[in-house]
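Read the sequence shown against my numbering and you will find it ends at 366, with the numbers running on by one and no gaps. All residues carry an ideal CB built from backbone N, CA and C; glycine is no exception. This one's a predicted model, so the numbers in the text were calculated from it and none came from an experiment.
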Amino acid sequence: MSSLPDPAYTKSSNFGQGENLLPDNNTFDKFQGSPDYVTSEALRNAVNVSIVLGRPLLIRGEPGTGKTLLAHSIARGLNKKLITWNIKSTTKAQEGLYVYDTVQRLNDSRFGDKDISDIKHYIKLGKLGQAFRATEQVVLLIDEIDKADIEFPNDLLNELDEMTFYIPETNETVAATHRPITVITSNAEKELPDAFLRRCIFHYIEFPTTELMEEIVRVHFPDIKEKLLRTALQAFYSLRQIDQLRKKPSTSELIDWLKVLIASGIAYEKVAAEIPFVGALLKKESDHDRFINQYHRLTDGFLKSGG
Ligand SMILES: Nc1ncnc2c1ncn2[C@@H]1O[C@H](COP(=O)(O)OP(=O)(O)O)[C@@H](O)[C@H]1O
Ligand SMILES: [Mg+2]
60 MSSLPDPAYT KSSNFGQGEN LLPDNNTFDK FQGSPDYVTS EALRNAVNVS
110 IVLGRPLLIR GEPGTGKTLL AHSIARGLNK KLITWNIKST TKAQEGLYVY
160 DTVQRLNDSR FGDKDISDIK HYIKLGKLGQ AFRATEQVVL LIDEIDKADI
210 EFPNDLLNEL DEMTFYIPET NETVAATHRP ITVITSNAEK ELPDAFLRRC
260 IFHYIEFPTT ELMEEIVRVH FPDIKEKLLR TALQAFYSLR QIDQLRKKPS
310 TSELIDWLKV LIASGIAYEK VAAEIPFVGA LLKKESDHDR FINQYHRLTD
360 GFLKSGG
């Protein structure tokens, strides 16, 4: 489990080339995971490389593979505050730095008795600004960067590189006293600009192997019955093999499904035979049809062998 020392994790496996860049050896393997989050060695290495080099960590992978949760885990594991910037299709890079609340200032000038001459009162730092200004190092999560338009990552290049920006309205420079540990997540489909990629440490979260998935499930359900766990995992991985699924169920769906299975007290024999509550796993109508047509053919062998 992630909280235990991993025997496979040795100093010699530390990203050979970077070794002479390290200020001292002890600073490298800082992140060892957290009890609520299962990591592979490769992922832990990527996190630690990003911390040592002070470069953003770009995490890609299918939805539900633990990209967002990783940032939470880093914050918890290293005991740091997490600042989350959720990106939407309308988000602009500038909002992450600061906004000048001119509307509030106008309102105050008309109706209030406040002193409006000090513009500083109307400068509201965005998430990046808050992360730079923090008195201690924080973890900054820029979540789902691919949702914004293509210009967005390019617009943040300088600020993320230099961890500083200028506010002309107040003639102030906001510079990070402690470079935040920056995690940027993106779903797999959309391409990001090369110049942006060049500045990041990259890691693709592979879909977990059954062994890793077992660990993940046990983090969520430490008391799960062995037979239920095995049958459910087998059914789940068979389901993912159905041809041309539009949305393959991922870890988060598996966790939801197991929650329902456990709550319903259903016998494990039924789980493989019927996939009860399949709606927790498949979210598209066409996927549901494919399931009806293909599932039994795919699982014939393991159903006959008794699940
Ligand atoms: N490595 C993991 N360890 C523990 N739980 C995980 C892991 N990966 C995924 N999960 C579960 O899946 C859910 C979805 O993860 P999330 O980080 O939201 O995925 P993503 O951001 O990649 O879409 C989490 O809330 C958690 O329940
Ligand atoms: Mg996410």
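(1) CA-CA distance, Pro82 and Val111?
(2) Measuring from the CB of Thr127, is there a heavy atom of ligand 2 at a distance below 6 Å?
(3) Just mark Ser61 as buried or exposed, buried being the case when its beta carbon has 16 or more other beta carbons within 10 Å.
(4) With a floor of 3 residues, list each beta strand (DSSP E) that falls wholly inside the region 144-215, ordered by position along the chain.
(5) Are the region 306-317 and the region 120-138 in contact at 8 Å, needing three or more beta carbon pairs?
(6) Looking at Ile142: is its Cβ nearer than 7 Å to the Cβ of Thr244?
(7) Check Ser93 in the structure and name its three-state DSSP category.
(8) Taking its Cβ as the centre, do 16 or more other Cβ atoms sit within 10 Å of His262, making it buried, or is it exposed?
(9) Flag Ile314 as yes if its beta-carbon sits less than 7 Å from any beta-carbon of chain B, otherwise no.
(10) Which residue from Val108, Ser168, Asp160, Gly171 puts its Cα closest to that of His180?
(11) Hey, could you find the ends of the beta strand (DSSP E) Ser99 is sitting in?
(12) According to DSSP, is Leu340 helix, strand or coil?
(13) Could you please give me the residues that DSSP links to Ile243 through a beta bridge?
Let me lay it out:
(1) Reading the sequence shown from its first residue, position 23 is the one you call residue 82. Reading the sequence shown from its first residue, position 52 is the one you call residue 111. Only weak support is given to the placement of Pro82: the predicted model assigns it a pLDDT of 46, under 50, and the question is left unresolved by the model.
(2) As a first step, residue 127 must be located in the sequence shown, where it is residue number 68. Answer for Thr127: yes, Cβ within range of ligand 2.
(3) Here the question's residue 61 lines up with position 2 in the sequence shown. Confidence at Ser61 is low in this model, with a pLDDT of 41, below 50, so the placement of that residue should be treated as unreliable; the coordinate-derived value is given next. Counting the other CB atoms within 10 Å of its CB gives Ser61 a total of 16 or more, which places it among the buried residues.
(4) The qualifying runs are 157-159, 182-184, 198-202.
(5) Yes, the region 306-317 is in contact with the region 120-138.
(6) Counting from one through the sequence shown, the residue named residue 142 turns up at place 83. Counting from one through the sequence shown, the residue named residue 244 turns up at place 185. In this structure, Ile142 sits away from Thr244, with a CB-CB distance that is not shorter than 7 Å.
(7) Counting from one through the sequence shown, the residue named residue 93 turns up at place 34. Annotated three-state conformation of Ser93 is strand, per DSSP.
(8) In the sequence shown, residue 262 corresponds to position 203, counting from 1. The residue in question, His262, is buried, as its Cβ has 16 or more Cβ neighbours within 10 Å.
(9) Annotation note: the requested chain B is absent from the structure, which comprises a single protein chain.
(10) Start at 1 with the first residue of the sequence shown, and residue 180 comes out as number 121. Of Val108, Ser168, Asp160, Gly171, the residue nearest in Cα terms is Asp160.
(11) Residue mapping note: residue 99 aligns to position 40 of the sequence shown, counting from 1. Ser99: not part of any beta strand (DSSP E); DSSP gives it neither H nor E.
(12) Position 281 of the sequence shown, counted from the start, is the residue given in the question as residue 340. The three-state reading of DSSP puts Leu340 in coil, since its state is none of H, G, I, E or B.
(13) Your numbering for residue 243 matches position 184 in the sequence shown. Beta-bridge partners of Ile243 (DSSP): Leu117, Ile201.
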